[in-house]
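The numbering used here puts the first residue of the sequence shown at 390, with every later residue one more than the last. Just so it is clear, CB atoms sit at the ideal spot from N, CA and C, and this is done for glycine as well.
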Amino acid sequence: MKVHYPFVLLILLFLFKLGATQISVESEPHHQPVYESPAFRVLNVTLAPGDTSLDHIHRHNIAYVTVRGTRVGLKEAGKPLRIVRLPDGWIGDDTEYHLHPKVHRIANVGTDSLQLVAVEALTPPAGTGDMPARDSTFVLSDSVFRIQRLTLLPGKTYHPASRREGVVVVPGRQNSLSSSSGISMVRLNYATLFIASMTSKLLLKNNSKKNVNIIVVMLKGLLNN
Numbered sequence: 390m391k392v393h394y395p396f397v398l399l400i401l402l403f404l405f406k407l408g409a410t411q412i413s414v415e416s417e418p419h420h421q422p423v424y425e426s427p428a429f430r431v432l433n434v435t436l437a438p439g440d441t442s443l444d445h446i447h448r449h450n451i452a453y454v455t456v457r458g459t460r461v462g463l464k465e466a467g468k469p470l471r472i473v474r475l476p477d478g479w480i481g482d483d484t485e486y487h488l489h490p491k492v493h494r495i496a497n498v499g500t501d502s503l504q505l506v507a508v509e510a511l512t513p514p515a516g517t518g519d520m521p522a523r524d525s526t527f528v529l530s531d532s533v534f535r536i537q538r539l540t541l542l543p544g545k546t547y548h549p550a551s552r553r554e555g556v557v558v559v560p561g562r563q564n565s566l567s568s569s570s571g572i573s574m575v576r577l578n579y580a581t582l583f584i585a586s587m588t589s590k591l592l593l594k595n596n597s598k599k600n601v602n603i604i605v606v607m608l609k610g611l612l613n614n
């Protein structure tokens, strides 16, 4: 049997006890803050193949959008190593961190680069845990976040009926969307982010001749309905 020694070494490193020094997630070098307000923070999470993060602690509820996926290893203190495949477009969250902070590390054990957009809610949840209807465009709705997949047709706009604080993730290197004034735009390696605050009215328009897929992450407790 052929043994891939770099991969084995990476797994063995994961099996050691987590370090005594715990840094906050926004201070971990692979979790780069790209935006922060009193209500939420946006992190650009990137790991090249073979990279391993430092041990870090999550204290705030968080939602993830996988822009570029691969196989990753996850290790928490006192728990076995988990290796999972994160496909492109995978969406998930954890809404218990404000009650039960977690220390872990993450490694890229695949052959492709990893890029996640993470949205941290910096205030406790204020919404309820209702789930979306079966035919809804919401793919996740809980006490903290509402996440929605949408396709903008050529010339069409995305314009929520109320002011909402959150992030619109546009996967891909090419971006053909324009936004209303007051919207922060952040360009990443494999995505563009449009970030809305409660003081700005979000409007995005597809200026291309092709459909554009977007993922909308909104903080539920801050929906101004």
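At the level of alpha carbons, what is the spacing between residue i and residue j?
i	j	result
V423	S586	14 Å
R576	Q563	10 Å
L463	E415	18 Å
V498	L475	11 Å
L591	K609	16 Å
I584	S597	21 Å
R553	L432	19 Å
P549	P513	24 Å
R448	Q411	12 Å
V434	L593	25 Å
V461	M607	26 Å
A496	R471	10 Å
P469	Q504	24 Å
S551	T500	42 Å
K494	W479	The question names Lys, but residue 494 in the sequence shown is Arg. If I take the Cα positions, the gap works out to 19 Å.
G555	L539	15 Å
Among residues of its own chain, excluding the 5 on either side of residue i, which ones have a beta-carbon nearer than 8 Å to its beta-carbon?
i	result
N595	L541, L542, P543, G544, K545, T546, S565, L566, V601
S413	H445, I446, R448
Please work out which residues of its chain come closer than 6 Å, Cβ to Cβ, to residue i, disregarding the five sequence neighbours upstream and downstream, and give them in chain order.
i	result
G571	S589
V557	F583, I603, V605
N450	T484, Y486, H487, A510, V533
S365	Summary: the structure shown does not reach residue 365, with the chain confined to residues 390 through 614, and so no result is reported for it.
K491	H447
E465	H493
Is it the case that the Cβ atoms of residue i and residue j are separated by a distance below 9 Å?
i	j	result
R457	V508	no
V506	A580	yes
E417	S442	yes
D440	T455	no
Give a yes or no on whether the minimum CB-CB distance between residue i and chain B is below 9 Å.
i	result
S416	In the structure shown, chain B does not exist; there is a single protein chain.
How would you call residue i, buried or exposed, if buried means at least 16 neighbouring beta carbons within 10 angstroms?
i	result
V473	exposed
P560	buried
G467	exposed
H420	buried
A522	Confidence in A522 is poor, its pLDDT being 47 and thus under 50, which makes the residue's placement unreliable; the coordinate value appears in the next sentence. It counts as exposed.
T459	buried
Since residue i and residue j are thought to touch, with beta carbons under 8 Å apart, how far apart are those beta carbons, to the nearest angstrom?
i	j	result
S530	T484	Not really, about 11 Å apart at Cβ, beyond 8 Å.
L511	P427	7 Å
Excluding sequence positions up to five away, which residues of its chain have a Cβ less than 7 Å from the Cβ of residue i?
i	result
K599	P543
G481	Y453
S573	Y424, I584
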